[in-house]
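K.L.:
Please see the structure below; I have some questions.
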Amino acid sequence: TGAAAASPPTPSGDVAARATAGFRQRYAAEPAGRWAAPGRVNLIGEHTDYNDGFVLPFALPLRTVVAAAGRDDERWTVWSELDDDPVEFGPREADEPGAVTGWAAYVAGVVWALRAAGHRVPGARLAIASDVPVGSGLSSSAAIESAALAALVELGGLDLPAARWPRLAQRAENEYVGAPTGIMDQSAVIRGRAGHALFLDCRSEEVEQIPFDLGAAGLAMLVIDSRAPHRHADGEYASRRKSCEEAARILGVAALRDVDAADLDAALGRLPDDETRRRVRHVVTEDQRVLDTVDLLRAGRIRDIGPLLTASHASMRDDFEITVPEVDTAVEAALAAGAYGARMTGGGFGGCVLALVDADSADAVAAAVTAAYAARGFAAPGTLTVLPAAGATRLD
Ligand code: GAF
Numbered sequence: 002t003g004a005a006a007a008s009p010p011t012p013s014g015d016v017a018a019r020a021t022a023g024f025r026q027r028y029a030a031e032p033a034g035r036w037a038a039p040g041r042v043n044l045i046g047e048h049t050d051y052n053d054g055f056v057l058p059f060a061l062p063l064r065t066v067v068a069a070a071g072r073d074d075e076r077w078t079v080w081s082e083l084d085d086d087p088v089e090f091g092p093r094e095a096d097e098p099g100a101v102t103g104w105a106a107y108v109a110g111v112v113w114a115l116r117a118a119g120h121r122v123p124g125a126r127l128a129i130a131s132d133v134p135v136g137s138g139l140s141s142s143a144a145i146e147s148a149a150l151a152a153l154v155e156l157g158g159l160d161l162p163a164a165r166w167p168r169l170a171q172r173a174e175n176e177y178v179g180a181p182t183g184i185m186d187q188s189a190v191i192r193g194r195a196g197h198a199l200f201l202d203c204r205s206e207e208v209e210q211i212p213f214d215l216g217a218a219g220l221a222m223l224v225i226d227s228r229a230p231h232r233h234a235d236g237e238y239a240s241r242r243k244s245c246e247e248a249a250r251i252l253g254v255a256a257l258r259d260v261d262a263a264d265l266d267a268a269l270g271r272l273p274d275d276e277t278r279r280r281v282r283h284v285v286t287e288d289q290r291v292l293d294t295v296d297l298l299r300a301g302r303i304r305d306i307g308p309l310l311t312a313s314h315a316s317m318r319d320d321f322e323i324t325v326p327e328v329d330t331a332v333e334a335a336l337a338a339g340a341y342g343a344r345m346t347g348g349g350f351g352g353c354v355l356a357l358v359d360a361d362s363a364d365a366v367a368a369a370v371t372a373a374y375a376a377r378g379f380a381a382p383g384t385l386t387v388l389p390a391a392g393a394t395r396l397d
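Residue numbers (the UniProt record's numbering): 2 to 397.
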């Protein structure tokens with residue numbers, strides 16, 4: 002169905018061609034290859050990953066492409082179309098978390114994580130182009146990490162099976178960049194498969210590919226970029242994580258994943274304050290909603306997941322308190338316009354909303370959300386429809 006343009010505006014031209022052109026222009030040479038990694042949305046299971054729980058994300062058709070070639074010395078030069086000048090670093094900066102900043106930190110972080118795991122990382126030149134919008138909560142950072150990781154692993158002939166890439170890319174983000182995120186984004190971006198949602202147990206890292214054929218069911222997934230400015234998102238994320246870890250400690254479990262939904266009331270009764278109780282209720286009920294969603298999808302009942310998506314949103318809004326007026330408005334307007342379900346996706350405090358809609362009503366739902374935004378004086382949202390796409394891969 003007709004989707005309005007992705008947002009924010011991306012440079013024109015095919016993303017892989019832009020990476021190649023950037024490589025040739027910056028380095029006056031041909032790349033040895035091109036590696037792509039997508040952005041992601043999470044269908045359901047929010048703030049459950051760092052609680053050792055369940056998530057159900059899928060990879061997007063929007064991709065980041067890294068054109069790369071090895072070099073003889075142990076240095077890394079990275080150019081991105083977001084900047085004029087390349088960033089160059091060597092082992093000293095790579096071994097000192099935080100020494101490289103900005104978008105290049107995601108590449109330096111991957112070099113760091115590989116070296117920390119004992120791999121001999123080849124020096125390389127990289128050129129990055131991306132259709133994954135930055136700052137919209139679609140994991141543009143995990144896309145850069147994963148595409149750069151794929152490139153470096155192959156250029157160096159490293160012995161590192163793809164199943165181990167997500168944890169490594171997560172370490173880059175946690176320890177080099179300094180963001181205390183879970184394993185979901187990198188897993189979706191690396192292990193996603195076209196036409197499927199990725200059911201991931203974040204404790205065991207076991208995955209099951211769940212068929213998610215929206216087109217065959219006459220459905221579409223509308224992604225609405227709330228365009229809400231991220232307000233204190235980093236500090237709020239860290240504080241939610243801390244509350245969860247503290248609650249697990251009080252309850253005497255390794256992680257909130259170990260609280261059975263059937264025993265939730267008893268667990269809540271042992272917690273000291275209302276805020277902690279609401280945080281725990283979100284995580285425990287959200288894990289259960291992921292399991293229920295997976296059951297419905299296995300039974301081919303895609304439409305029926307709508308109420309679970311909407312319940313997830315209510316839980317994020319009322320219990321976990323990570324939504325903002327723009328995303329609540331988008332969810333309400335989408336539901337009022339006939340969506341089967343709608344929810345914010347990602348870490349919160351802005352980002353994108355998903356709405357499950359009939360394919361032939363996607364444009365009308367998008368228009369209804371846009372009108373609701375205008376009525377509230379919000380900047381116009383971005384809207385596009387997406388299908389689950391493939392994870393990180395070599396292009397050529
Ligand atoms: C962000 C984090 F990066 C993920 O690890 C996850 O915690 C998500 O927020 C919330 O579900 O995307």
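Even for Gly, the Cβ is constructed at its ideal location relative to N, Cα and C.
Remember, it's a predicted structure, so these values are computed and weren't measured experimentally.
In the stretch 121 to 167, which residue ranges form an unbroken beta strand (DSSP E) of at least 3 residues, counting only runs that do not cross its ends?
P.N.:
Correct list: 125 to 131.
K.L.:
Based on Cα-Cα distance, which residue from Arg242, Val133, Cys203, Leu159 lies nearest to Leu61?
P.N.:
For the purposes of this step, residue 61 is identified with residue 60 of the sequence shown, where counting begins at 1. Of the listed residues, the one whose Cα sits closest to Leu61 is Val133.
K.L.:
For a quick check, are the C-beta atoms of Ser313 and Glu276 less than 9 Å apart?
P.N.:
Here residue 313 refers to the residue found at position 312 when the sequence shown is read from its first residue. Here residue 276 refers to the residue found at position 275 when the sequence shown is read from its first residue. No, the pair does not count as a contact, with Cβ atoms beyond the cut-off.
K.L.:
For Asp214, which option in Pro181, Leu357, Ala263 has the closest C-alpha, if you only look at C-alpha atoms?
P.N.:
Position 213 of the sequence shown, counted from the start, is the residue given in the question as residue 214. Here the closest residue by C-alpha is Leu357.
K.L.:
Which stretch, first to last residue, makes up the alpha helix (DSSP H) that contains Phe24?
P.N.:
Indexing the sequence shown from 1 puts residue 24 at position 23. Run containing Phe24: 16 to 28, per the alpha helix (DSSP H) assignment.
K.L.:
Check each candidate in Glu247, His48, Glu97, Thr324 and name the one with the smallest Cα separation from Arg228.
P.N.:
Walking along the sequence shown from the start, residue 228 turns up at place 227. Checked all of Glu247, His48, Glu97, Thr324; the closest Cα to Arg228 is Thr324.
K.L.:
Within 10 Å of its beta-carbon, does Ser240 have 16 or more other beta-carbons around it, so buried, or fewer, so exposed?
P.N.:
Translated into the one-based positions of the sequence shown, residue 240 becomes position 239. Ser240 comes out exposed.
K.L.:
Can you check the stretch 343 to 384 for any beta strand (DSSP E) of at least 3 residues that lies completely inside it and give the ranges in chain order?
P.N.:
The qualifying runs are 353 to 359.
K.L.:
In whole angstroms, give me the CA-to-CA distance for Gly352 and Val108.
P.N.:
Your numbering for residue 352 matches position 351 in the sequence shown. Your numbering for residue 108 matches position 107 in the sequence shown. If you take the alpha carbons of Gly352 and Val108, they lie about 23 Å apart.
K.L.:
By Cβ distance below 6 Å, which residues in the same chain neighbour Val332 in space, the five residues on each side in sequence not counted?
P.N.:
In the sequence shown, residue 332 corresponds to position 331, counting from 1. Hits under 6 Å: His314, Ala343, Val354.
K.L.:
Put Leu220 into one of helix, strand or coil per three-state DSSP.
P.N.:
Position 219 of the sequence shown, counting from 1, holds the residue named residue 220. Three-state DSSP puts Leu220 in a strand.
K.L.:
Restricting to Cα atoms, I'd like to know which of Ala195, Phe200, Arg121 is closest to Leu161.
P.N.:
Reading the sequence shown from its first residue, position 160 is the one you call residue 161. That would be Arg121, whose Cα lies nearest to the Cα of Leu161.
K.L.:
Quick check: Val178 and Ala106, are their CB atoms within less than 9 Å of each other?
P.N.:
One-based indexing of the sequence shown puts residue 178 at position 177. One-based indexing of the sequence shown puts residue 106 at position 105. A contact, by the Cβ cut-off of 9 Å.
K.L.:
Quick check: the Cα distance between Ala365 and Ala373, rounded to an integer number of angstroms?
P.N.:
Walking along the sequence shown from the start, residue 365 turns up at place 364. Walking along the sequence shown from the start, residue 373 turns up at place 372. Going by the C-alpha atoms only, they are around 12 Å apart.
K.L.:
Taking DSSP as the reference, what is the three-state secondary structure of Pro9?
P.N.:
Here residue 9 refers to the residue found at position 8 of the sequence shown. Residue placement at Pro9 is poorly supported in this model, since its pLDDT is 40, which falls under 50; the coordinates still yield a value, given next. It is coil, neither helix nor strand.
K.L.:
Just verifying my parser: in three-state terms, what is the DSSP assignment at Thr386?
P.N.:
Translated into positions along the sequence shown, residue 386 becomes position 385. The answer is strand: DSSP assigns Thr386 an E or B state.
K.L.:
Give the DSSP bridge partners of residue 1, in chain order.
P.N.:
As displayed, the chain neither begins before 2 nor continues past 397, which places residue 1 out of reach and without an answer.
K.L.:
Would a check of beta-carbon distances place Gly138 closer than 9 Å to chain D?
P.N.:
Protein chains in the displayed structure number just one, and chain D is not present.
K.L.:
Out of Gly378, Leu57, Asp74, point me to the one whose CA is closest to Gly124's CA.
P.N.:
Taking the first residue of the sequence shown as position 1, residue 124 is located at position 123. Nearest C-alpha to Gly124: Asp74.
K.L.:
Grouping DSSP H, G and I as helix and E and B as strand, with all else coil, what is Trp104?
P.N.:
Here residue 104 is taken as the residue at index 103 of the sequence shown, counted from 1. Correct three-state label for Trp104: coil.
K.L.:
Straight-line CA distance for Ala300 to Trp36?
P.N.:
Here residue 300 refers to the residue found at position 299 when the sequence shown is read from its first residue. Here residue 36 refers to the residue found at position 35 when the sequence shown is read from its first residue. Their Cα atoms are separated by approximately 35 Å.
K.L.:
Could you check whether the Cβ of Ala218 sits closer than 8 Å to any heavy atom belonging to the ligand GAF?
P.N.:
Working through the sequence shown from its first residue, we reach residue 218 at position 217. Not so, every heavy atom of the ligand GAF lies at least 8 Å from the Cβ.
K.L.:
Quick one: what does DSSP say Pro308 is sitting in, helix, strand or coil?
P.N.:
For the purposes of this step, residue 308 is taken as residue 307 along the sequence shown, with counting starting at 1. It is helical.
K.L.:
Please state whether DSSP places Pro326 in a helix, a strand or coil.
P.N.:
As a first step, residue 326 must be located in the sequence shown, where it is residue number 325. It is helical.
K.L.:
Quick check: the Cα distance between Ala100 and Ala149, rounded to an integer number of angstroms?
P.N.:
If you number the sequence shown from 1, residue 100 lands on position 99. If you number the sequence shown from 1, residue 149 lands on position 148. Whole-angstrom Cα-Cα distance: 18 Å.
K.L.:
At a threshold of 8 Å, does Gly138 count as lining the ligand GAF (C-beta to nearest heavy atom)?
P.N.:
Within the sequence shown, the letter at position 137 stands for residue 138. Answer for Gly138: yes, Cβ within range of the ligand GAF.
K.L.:
Can you list, in chain order, the residues of its chain with a C-beta nearer than 6 Å to that of residue 406? Leave out the 5 residues immediately preceding and following it.
P.N.:
Since the displayed the chain opens at 2 and closes at 397, residue 406 lies outside it and no answer follows.
K.L.:
Return the residue from the list Asp305, Glu209, Phe321 that minimises the CA-CA distance to Lys243.
P.N.:
Taking the sequence shown and counting its residues from 1, the one referred to as residue 243 is at position 242. Out of Asp305, Glu209, Phe321, Phe321 has the C-alpha closest to the C-alpha of Lys243.
K.L.:
Between the Cα of His283 and the Cα atoms of Ala198, Gly46, Val42, Arg72, which residue gives the shortest distance?
P.N.:
Taking the sequence shown and counting its residues from 1, the one referred to as residue 283 is at position 282. Of the candidates Ala198, Gly46, Val42, Arg72, the one whose C-alpha sits nearest the C-alpha of His283 is Gly46.
K.L.:
Rounding to the nearest angstrom, what Cα-Cα distance links Arg279 and Val79 in this structure?
P.N.:
Counting from 1 along the sequence shown, the entry for residue 279 is found at position 278. Counting from 1 along the sequence shown, the entry for residue 79 is found at position 78. If I take the Cα positions, the gap works out to 44 Å.
K.L.:
Could you tell me the alpha carbon to alpha carbon distance between Pro58 and Val42, rounded to whole angstroms?
P.N.:
Taking the sequence shown and counting its residues from 1, one reaches residue 58 at position 57. Taking the sequence shown and counting its residues from 1, one reaches residue 42 at position 41. Pro58 and Val42: Cα-Cα distance of roughly 6 Å.
K.L.:
Beta carbon of Gly378: closer than 8 Å to some heavy atom of the ligand GAF?
P.N.:
Position 377 of the sequence shown, counting from 1, holds the residue named residue 378. The answer is no for Gly378.
K.L.:
When you compare each of Ala164, Ala70, Gly91 to Glu209 by their alpha carbons, which one comes out closest?
P.N.:
Within the sequence shown, residue 209 is the residue found at index 208, counting from 1. Nearest of Ala164, Ala70, Gly91 to Glu209, Cα basis: Ala164.
K.L.:
Just to be sure I understand the criterion: a residue counts if its Cβ is closer than 5 Å to at least one heavy atom of the ligand GAF. Which residues meet that?
P.N.:
Those residues, listed in chain order, are Glu47, His48, Asp50, Thr182, Gly183, Met185, Asp186, Gly347, Gly348.
K.L.:
From Leu115 to Phe90, what does the alpha carbon distance come to, in whole angstroms?
P.N.:
Taking the first residue of the sequence shown as position 1, residue 115 is located at position 114. Taking the first residue of the sequence shown as position 1, residue 90 is located at position 89. About 15 Å.
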